[in-house]
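Before any comments, here is the structure.
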Amino acid sequence: MRDNDSFGTSTRRRRKFDDDEPTFVKRSSPSGETAWDVVEEETGWSSWSAPGVQHGPAPFPDWVITEHAAKDTDRGVLKTGKEADVHLVERGVPGTDRRVLLAAKRYRAAEHRLFHRDSGYLEGRRVRESRVTRAMAGRTAFGREAIAGQWASAEFGALAQLWELGVCVPYPVQLLGTELMLQFIGDDDGTAAPRLAQTRPDLDLLADLWWQLVDALRVLARAGVAHGDLSPYNTLVHAGRLVIIDLPQIVDVVINPKGADFLARDVANMAKWFTGKGFPVDPEPLIVELLHDAGMRV
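Counting in numbering that gives the first Met the number 0, the sequence shown runs from 0 upward without gaps.
The following block contains the structure:
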């Protein structure tokens with residue numbers, strides 16, 4: 000079985016993710032001891048075949064476990080956020096060596112959720128029923144639940160689209176309600192890959208990571224979208240690869256009235272970090288190029 004923290008072939012790079020809460024819950028200390036009490040909970044049969052579940056793009060990577068005999072075990076919390084918690088889940092087939100670690104992003108119930116993403120992200124998005132649109136605008140309990148579902152669905156769709164375009168994002172394994180199962184990027188012991196902001200790359204790696212980012216942003220722009228909340232806190236570095244994560248707020252650059260502003264902010268945020276680490280970057284030429292690639296007049 001292919002190790003699921005690899006990124007695939009040279010022509011199709013595969014990748015982890017996150018949301019915007021800057022505090023990770025550490026799974027282990029430098030000594031290797033457990034840093035907090037991890038409660039392992041076998042949640043029963045795998046939800047892969049559950050009614051209403053949506054699966055990631057086909058063909059499925061060979062590490063994805065689709066067997067009906069598979070079981071899921073919750074290995075504990077990887078991180079907490081304002082909108083969702085991320086759990087480490089082991090999916091395995093009893094009696095075999097078939098196992099894989101997944102990241103389960105679980106959007107919280109309405110009464111415990113604080114959606115802080117600006118409503119501007121939702122501009123240009125439409126749902127089929129006008130009553131749902133009104134409820135979302137009014138932030139009723141039903142509307143907040145609908146927004147949660149839209150964030151999860153939007154992230155699943157964005158990851159699927161970008162994965163197929165070859166962008167370095169985590170593979171979206173499945174979506175069931177407001178739980179999104181993603182490829183876990185990290186080590187086999189459950190240690191997550193570090194965020195870009197947590198790394199101290201040398202100048203050569205810094206330059207390589209920047210150009211990886213530029214390549215990814217070009218693909219996004221040509222697809223007419225921007226990340227919308229890109230920063231060193233929602234990009235990861237694993238095995239020399241820059242992994243773009245946390246995509247529920249993905250923005251249609253043309254349809255959204257603030258699309259160009261979101262794209263420009265993404266570039267400016269990242270350029271500022273790289274410049275501060277000793278790799279000077281002027282964001283303006285790249286912003287102009289990306290807006291042109293997205294089909295906008297500049």
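Just so you know, even glycine gets a beta-carbon here, dropped at the ideal spot from N, CA and C.
These numbers come from a predicted model, not from an experiment.
In chain order, what residues of the same chain have a beta carbon less than 7 angstroms from the beta carbon of E154, not counting five sequence neighbours either side?
L179, L246 and P247
Can you say whether E163 is buried or exposed, counting buried as having 16 or more other CB atoms within 10 angstroms of its CB?
With fewer than 16 other Cβ atoms from the protein chains shown falling within 10 Å of its own Cβ, E163 counts as exposed.
Would you report the Cα separation of L212 and L202, rounded to the nearest angstrom?
15 angstroms
With DSSP collapsed to three states, give me the class of M295.
coil
With a Cβ-Cβ cutoff of 8 angstroms, do A191 and G55 count as a contact?
no
Keeping to the same chain, check which residues put their C-beta closer than 8 angstroms to that of R221; ignore five residues upstream and five downstream.
Residues D292 and A293 of the same chain have their beta carbon placed closer than 8 angstroms to that of R221, with the five preceding and five following residues left out of the count.
Note down the Cα distance separating R105 from S48, rounded to an integer number of angstroms.
18 angstroms
Mind the definition here: the segment 220 to 237 touches the segment 251 to 264 only if three or more C-beta pairs lie below 8 angstroms; say whether that holds.
yes
With K104 as the anchor, note down where its alpha helix (DSSP H) starts and where it stops.
No alpha helix (DSSP H) contains K104, which is instead part of the beta strand (DSSP E) from R98 to Y106.
So V166 packs on V236, CB below 8 angstroms; how close in whole Å?
About 16 angstroms separates the two Cβ atoms, so there is no contact after all.
Between the C-alpha atoms of W210 and M295, what's the straight-line distance to the nearest angstrom?
23 angstroms
On the DSSP letters alone, give me the boundaries of the alpha helix (DSSP H) that A267 sits inside.
G258 to G275
With the cut-off set at 8 angstroms, would you say G91 and K70 are in Cβ contact?
yes
Considering Cα atoms alone, identify which of A102, S46, T95 and P284 is closest to D186.
Nearest of A102, S46, T95 and P284 to D186, Cα basis: A102.
Any idea what DSSP makes of A196, helix, strand or coil?
helix
So what does DSSP say about P231, is it helix, strand or coil?
coil
Which of the three DSSP states, helix, strand or coil, is assigned to V218?
In this structure, V218 counts as helix in the three-state DSSP scheme.
Look at the alpha carbon of L205 and the alpha carbon of F183, and state the distance between them as a whole number of angstroms.
Approximately 24 angstroms, taken between the alpha carbons.
Can you find the residues in the same chain that come closer than 7 angstroms, C-beta to C-beta, to K276, ignoring five residues on each side of it along the sequence?
Residues L205 of the same chain have their beta carbon placed closer than 7 angstroms to that of K276, with the five preceding and five following residues left out of the count.
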